[in-house]
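Each number in this note's numbering comes from the position in the sequence shown (counting from 1) with 23 added on.
Where a beta carbon is used, it is the ideal one built from N, C-alpha and C, also for glycine.
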Amino acid sequence: MKRRDFVRLGWATMIATGAGKLRPAFGKSSGLQQALGPAQHLMESLEPKAAEHATGRAAAFTLQIAPMMVELAPQVVISTIGYSNKVPGPLLRVREGQLVTVDVVNNTDVPEYVHWHGLFVPPEVDGVEEEGTPPVPPHGRRRYQFVAKPAGSRWYHSHTAAMMDLHRGTYTGQFGFFMIDSANEPGNYDQEVFLALREWEYFLSTMDQDEMAPDPRDPMPEKPATPDLRPNGLEVSAPLYSINDKILGAGEPLRVKQGQRVLMHLLNASAAQIHRVALPGHKFQVIALDGNSVPAPQPVDFIAIAPGERVDAIVEMNNPGVWILGEIRDAARQSGMGIVVEYANQKQRAQWAPLPKSRWDYTIFGTAAPHPVPDHTIDMVFEKVPGGPNGFNRWLVNGKEYPHQREFVFHQGRRYRIVFHNRSDDSHPLHFHRHLFELVELNGKPTAGIKKDTVIVPAFGRATVDLVADQPGLTLFHCHIQQHMDFGFMALFRYA
Ligand SMILES: [Cu+2]
């Protein structure tokens, strides 16, 4: 272990145990915070300024990519690259069908790409080098222009390869919410909040942080008969966690009143980790996955959400007190991934409580409806080539690292059944650009009507999705874990 990593781990441990000087940062306002005045960090990062509002037929925004500081907590300030000096970046909110113009100014020394995740946009503006989008040049600017569709919780983020540089791409603060409002949104809620899950100060380690440990109860249909005993390579870890730009307890609480229905837009903007969040004493009524309404909304005790995914859920505030909405893993929550939920006239210390045993299962939000017969079936097999303790793992799609030649071809208008075979011991959030797909089965459990753009395929698991090829042009497919994507876990689909 390098000395620098040792120092950082020591720091992480100090925060995780709540020991040392940082202790006062948790649960009460510090002198610095008071000096900053009424800290409205949560709301500030959520409410667009008047100039950023979409009005009339067109919506125009400007994003500045530049180095910035983020005060995660008093005395915990990190440097990163962000959009318009905010983390998350400005909320971009438009109506479905609006023409959107985003002028991106790049005040850094490297080319950048801004990707509009979950939108049906052409490859030239999707913000992906592999699809042929031109970069935003260093110290230059580029205009992205597209029609906003489909309606729902979308987001935008850097799509730059990072490789061994943990200060590029999704390792940075370059991410933000992009809401496309539908004309017939019922709006059956009293308050709306945007919560982005993040880690900071990424480092490389062979230590397993356990965040993606396989669930032993999973059926693991893709588990090989003989285990791979080669030593694992370096993985990306992090000592600091936050929701939006604040460590648990360092920002303003989420203030609620008894009887309120709070619509929570959850986004996992992490480069590396799947997270599970809960609000003890409350249930999340999941209404949309990746911004798309689910056919069978259900109440759940916790939400699992992978890098790239969004979950929209309504929480009925019916248990007065002061609670922690946070990561289920104690280490992640104590390192900052949480936010205090405070009912009116309640001032006690925020509480956390262990959860009743339950598991996350996408299929419960779907129906048993039959799927149309597909025109073609595509099998995609994912394998890890362990890099050993000093190297990086590499990833194979059908036996090859990216790039492939002409293996993946769509014909416009046809329906593809795509079977993801995960022959590795990690869970992977698999993402298709510019398209939605429908879940067909997960580890043998059928479902229908759930439309997503990113799906977690569990360790040694299998998922089947149906995709109608209706967005001509190059289409990138990849694991949304930055390191996996950078080291081979990508494929480019072409339209014939
Ligand atoms: Cu992956």
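- Item | Helix, strand or coil at Gly200 according to DSSP, with G and I counted as helix | The residue you asked about is not Gly; residue 200 is Phe in the sequence shown. In the structure shown, Phe200 sits in a strand (DSSP, three-state: E or B).
- Message: Tell me whether His586, by its Cβ, gets closer than 7 Å to a heavy atom of ligand 1.
- Response: Residue 586 lies beyond the residue range present for the chain, which begins at 24 and ends at 519; the question has no answer from this structure.
- Item | When Gly436, Ala514, Gly192 are compared against Asp402, the one with the closest alpha-carbon | Ala514
- Message: Can you tell me whether Gln435 is buried or exposed? The criterion is at least 16 other CB atoms within 10 Å of its CB, across all chains shown.
- Response: exposed
- Item | Integer-rounded CB distance, given that Gly112 should sit under 8 Å from Leu142 | That pair is no contact at about 16 Å.
- First through last residue of the beta strand (DSSP E) which encompasses Asp149: That residue, Asp149, is in no beta strand (DSSP E); it is neither H nor E in DSSP.
- Secondary structure of Tyr385, DSSP reduced to three states: helix
- Look up Asp520 in the DSSP assignment and give the residues it is bridged to. Shown here, the chain extends from 24 to 519; a query on residue 520 therefore has no answer.
- Contact set for Val442: own chain, Cβ-Cβ below 6 Å, skip 5 residues either direction: Asp402, Thr487
- Message: Within a Cβ cutoff of 7 Å, which residues of the same chain sit near Val334, ignoring the five residues on either side of it in sequence?
- Response: Leu289, Val309, Leu312, Ile326, Ile328
- Message: Helix, strand or coil for Thr487? Go by DSSP, reduced to three states.
- Response: strand
- Query: Smallest Cα separation from Ser358: which of Ala81, Ile88, Pro90, Leu95?
  - Reply: The candidate whose alpha carbon is nearest that of Ser358 is Leu95.
- Query: With DSSP run on the structure shown, which of helix, strand or coil describes His140?
  - Reply: It is a strand residue.
- Message: Quick check on this structure: which residue in Asp149, Ala295, His458 has the alpha carbon closest to the alpha carbon of Ser228?
- Response: Ala295
- Query: Is His399 near ligand 1, with its Cβ less than 7 Å from a heavy atom?
  - Reply: no
- Item | Bridge-paired residues (DSSP) for Asn445 | Phe405
- Task: Count the C-beta pairs between the region 473-486 and the region 242-250 that are closer than 8 Å, then say yes if the count reaches three, no if not.
- Result: yes
- Task: Specify the secondary structure class of Thr390 as computed by DSSP and reduced to three states.
- Result: strand
- Output the boundary residues of the beta strand (DSSP E) element that contains Asp335. Note, Asp335: beta strand (DSSP E), 333-339.
- Item | Straight-line gap, Asn211 to Glu339 (C-alpha atoms, nearest Å) | 11 Å
- Item | Proximal residues to Leu263 (C-beta, below 8 Å), its chain only, five neighbours per side dropped | Ala35, Ile38, Leu95, Val99, Ile101, Glu222, Trp223, Glu224, Ile270, Ser358, Gly359
- Task: My understanding is that Gly150 touches Thr156, with C-beta atoms under 8 Å, so please give their C-beta distance in whole angstroms.
- Result: That belief holds up - the Cβ atoms of Gly150 and Thr156 are roughly 5 Å apart, short of 8 Å.
- Item | Residues with C-beta closer than 5 Å to any heavy atom of ligand 1, in chain order | His451, Cys502, Ile504, His507
- Pull up the distance between the alpha-carbon of Leu459 and that of Gly414, whole angstroms please. 35 Å
- How about Leu220 and Asn291: do their beta carbons lie closer than 8 Å? Leu220 places its beta carbon less than 8 Å from that of Asn291.
- Message: Taking only three categories from DSSP, how would you classify Met92?
- Response: Shown here, Met92 sits in a strand according to DSSP, grouped into three states.
- Item | Host alpha helix (DSSP H) of His507 (start-end) | Counting along the chain, the alpha helix (DSSP H) containing His507 begins and ends at 505-509.
- Message: Considering only the alpha carbon of each residue, which of Met202, Glu208, Leu419, Tyr385 lies closest to Val216?
- Response: Met202
- Message: Taking the beta carbon of Gly60 as the centre, do at least 16 other beta carbons fall within 10 Å, making it buried, or is it exposed?
- Response: The predicted position of Gly60 is uncertain, since its pLDDT is 31 and thus under 50; a value taken from the coordinates is nonetheless stated next. The residue in question, Gly60, is exposed, as its Cβ has fewer than 16 Cβ neighbours within 10 Å.
- Task: Quick one: residues in its chain with C-beta nearer than 6 Å to the C-beta of Leu286, no 5 flanking neighbours on either side, listed in chain order?
- Result: Tyr212, Glu215, Ile337
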